[in-house]
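Let me begin by presenting the structure, written as structure tokens, before commenting on it.
There are 2 protein chains.
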Amino acid sequence: MVLAQQDGTPEQQPAQEEAPDQAEVTPAEVTPAEIAPGYATDEDLRQAAQDLFDVILPAAPPTDEVHAAQRDLGAMLFFDPRMSSSGLFSCQSCHNVGMGGVDALPTSVGHGWQKGPRNAPTVYNALFNGAQFWDGRAADLAEQAMGPVQAAVEMNNTPDQVVTTLESMKEYLDAFGEAFPDEAEPVSFANFATAIAEFEETLVTPGAGFDRWLTGDDAAMSDEQKRGLALFMDSGCAGCHNGVNFGGHDYYPFGVVERPGAEVLPEGDRGRFAVTETASDDYVFRAAPLRNVAITAPYFHSGAVWSLPEAVDIMANAQLGTELAEADIGAIVAFLHSLTGEQPRVEHPVLPARTEATPLPNPFDDIMEQSR
Amino acid sequence: MVLAQQDGTPEQQPAQEEAPDQAEVTPAEVTPAEIAPGYATDEDLRQAAQDLFDVILPAAPPTDEVHAAQRDLGAMLFFDPRMSSSGLFSCQSCHNVGMGGVDALPTSVGHGWQKGPRNAPTVYNALFNGAQFWDGRAADLAEQAMGPVQAAVEMNNTPDQVVTTLESMKEYLDAFGEAFPDEAEPVSFANFATAIAEFEETLVTPGAGFDRWLTGDDAAMSDEQKRGLALFMDSGCAGCHNGVNFGGHDYYPFGVVERPGAEVLPEGDRGRFAVTETASDDYVFRAAPLRNVAITAPYFHSGAVWSLPEAVDIMANAQLGTELAEADIGAIVAFLHSLTGEQPRVEHPVLPARTEATPLPNPFDDIMEQSR
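Those protein sequences? They're chains A and B, same order as listed. In terms of our numbering, the first sequence is residues 1 to 372. In terms of our numbering, the second sequence is residues 373 to 744.
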């Protein structure tokens, strides 16, 4: 459950990422005539940015007791490794609330130490994405939540087993009853997913330097960050990476101009083509949302790139056909650091104790069968 | 970090385990002449119990800023999966603060999906144990913390790699500086272990039904639980399972009277013999601490038994040479439920973002080498 302040809104705490150097944030040093090339003042730059981007607001308090109960239940489910067949993996395993909502691995480790096919996207601000997964194959957070729990390469469980597990513990029966009070059978796989989605909707990161600047605080971004923002808009990055999440909405081929090498864009993963089976969707992916990008390495669906400057360089080449100067890459990276928001403060839920009716975890048996 | 109340003591919340049925806790039903066989009143039973056991007190607030800093740092380290070579495992993986301080697996899953040799003991109240691990091979929590991080079958890391990882992130450098202010090189593997131990010392579970009863609340245990307590003391269980942790201090052969079968006591694991290389330590283990035992299945160093009544039955046979009646086992199990305390409320720490100097996680490469 997210810690609530007295007014019922979740508390946030600063990301443990270096803040922009205060020494840099000295408006006095700025030439009043030009805050960034093409923008005479902060206000000019801000107006251009306001046309493209939105700020993240703190998560609203739950609208009623039922939604509050759904959030609390969702937190329990998000953290409960018994939702996996092995008993080892929970949502938290790959979407760590202490690490920007990711696992900081190129691709995740799943059931039986299998290597996942794509980099785990952050759960933070995921509700602002137009659809979920790198290929947008899930319409919303609840649909997304049903995926990894069933994937053989991830949590390797079944909806029936999840429901049996949940029904075996009185505290879960009670929590589902409170969260879905008007339903004859409140414990269901669909409600499992709904509750997780309700919890995930609290996982937002307001208060980023960019957001504070966009709402009027000139000192919340450094000069270099402002120059980076101008470059980000004028070079074309913002053509795909826009909106509240700086991406997460529309679909584009990876390699609009020049396809990157197989290490970054493995040939076997044709992206959205697998969802739509349409030739024009070959190697098409959802534009990655860039909120908290500075604390969610590695990058791309392949997770092949650890360096943010390198990722920017690859994007400029592949998508814009542009070779950016090192100083310009540096400015864009500085700007991207301004998208790191306050990280949610999440209390680890106390989970129900198993009962005799709870299915046993099974980390090894099926693995041994496979290797026979 | 543990949530602090206004007086600086950690907050606790009730374990999500069924409380003793209030209907059972009706002193009026008790025959005033005999609260349990051999004990005329609660006070008689209490005096006998006070000679053998102690209550758990809430964790004391940190004595000074340095210790507070050590606790906060320890929480970060406890939850940081980058302390493992794969980037997947942290202390929390096997000592889940939401599940009674255990992973609820027979034996843990470790690096490369290896199967651990013994059941992961609970981290809760571990500071009250005389020594750590099933064979007591670590003298204290700090020494224990150094083990799993280096074990090839667990986190598979090295002290050097841990220190390099920690030194790569400014927030860790700062946190170690605050936690160990008088040291020339605050970031060290020894201080890593010390900080984790300081955090773990806050992980205690006061307020159990037994503790409330022992300090005078007659209604805090049911009649059956009181009868179970009397049996626990008079049958001999308390001969080994005593003190504040109901065990965790002394060493005994598993099978004092009759050695259990190989499924429960695998022949390959000779217990404390491996530590002392003394014949009399063959198949000797530390008496398991029984605090929160009802929520920390499965049982024994092998984790082979999921049922608490079955575990009690095995113990009575193996250690006491007694065949307990089913009703007596039931009473002892009811009593053991009274050892479930309030579970600590732990906020998931926000962890530092990696830098270019942070060693990359390596979940697959060495595994692939091994399988070649």
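We treat Cβ as the ideally placed atom computed from N, Cα and C, and that holds for glycine.
- Residue Q319/A holds the alpha-carbon nearest to the alpha-carbon of R259/A among E154/A, A331/A, Q319/A and R82/A.
- In the structure shown, E224/A falls within a helical segment according to DSSP collapsed to helix, strand and coil.
- Per the C-alpha coordinates, the member of P721/B, Y496/B and G713/B positioned closest to P578/B is G713/B.
- For P735/B, no alpha helix (DSSP H) segment is defined, and its DSSP state is neither H nor E.
- The alpha-carbon of Y655/B is positioned some 14 Å away from that of F505/B.
- The contact set of K487/B on chain A, defined by CB atoms closer than 8 Å, consists of P363 and F364 in chain order.
- P716/B sits buried, since 16 or more C-beta atoms from the chains shown fall within 10 Å of its C-beta.
- Taking the Cα of A580/B as reference, the smallest distance to any Cα among M455/B, E572/B, S710/B and E543/B is reached at S710/B.
- Close to V109/A, with beta-carbon spacing below 7 Å, are these residues of chain B in chain order: S458, L460 and P735.
- Secondary structure note for P309/A: its alpha helix (DSSP H) is the uninterrupted segment L308 to M315.
- Under the three-state reduction of DSSP, F89/A is assigned to coil, being neither helix nor strand.
- Note that the C-beta distance between P349/A and A75/A is below 7 Å.
- Nearest CB-CB separation between I332/A and chain B: not below the 7 Å threshold.
- Between G600/B and I704/B, the gap from beta carbon to beta carbon is short of 7 Å.
- Here the alpha carbons of N468/B and A669/B stand approximately 13 Å from one another.
- For I329/A, the nearest beta carbon of chain B is not closer than 7 Å to its own beta carbon.
- Excluding its 5 nearest sequence neighbours in each direction, A279/A has C-beta neighbours in its own chain below 8 Å: F273, listed in chain order.
- Taking a Cβ-Cβ threshold of 8 Å, the residues of chain B close to F79/A are G470, in chain order.
- Neighbours of P721/B in chain A, taken as residues at a C-beta separation under 7 Å, are given in chain order as G98.
- By the CB criterion at 7 Å, A334/A and E224/A fall inside the cutoff.
- One alpha carbon belongs to F232/A, the other to G470/B, and they sit about 43 Å apart.
- The CB of S307/A comes closer than 7 Å to the CB of E728 in chain B, given here in chain order.
- Taking 7 Å as the cut-off, the beta carbon of R658/B is found no closer than this to the beta carbon of G519/B.
- Of the candidates Y39/A, P159/A and P121/A, P121/A places its Cα closest to the Cα of Q92/A.
- For G112/A, the nearest CB of chain B lies under 7 Å from its own CB, placing it at the interface with that chain.
- Within the same chain, Cβ atoms closer than 7 Å to the Cβ of R418/B are found at L586, the five residues on either side in sequence being excluded.
- Within chain A, E347 and H348 have C-beta atoms less than 8 Å from the C-beta of V718/B, given in sequence order.
- Taking the C-beta atoms as reference points, A441/B is found no nearer than 7 Å to A556/B.
- Counting other Cβ atoms within 10 Å of its Cβ, G482/B reaches 16 or more and is therefore classed as buried.
- Taking a C-beta cut-off of 9 Å against chain A, none of the residues of the segment 491 to 514 of chain B qualify.
- When Cβ pairs closer than 8 Å are counted between the two stretches, the segment 676 to 696 of chain B is seen not to touch the segment 41 to 57 of chain A, the count staying below three.
- The continuous stretches of alpha helix (DSSP H) do not include Y124/A, and DSSP gives it neither H nor E.
- Between A688/B and the set P735/B, V629/B, M527/B and G588/B, the nearest pair of CA atoms involves V629/B.
- Bridge pairing for E719/B: E347/A [DSSP].
- Counting the other Cβ atoms within 10 Å of the Cβ of G321/A gives fewer than 16, which makes it exposed.
- Straight-line measurement puts the Cα of A175/A at about 9 Å from the Cα of V187/A.
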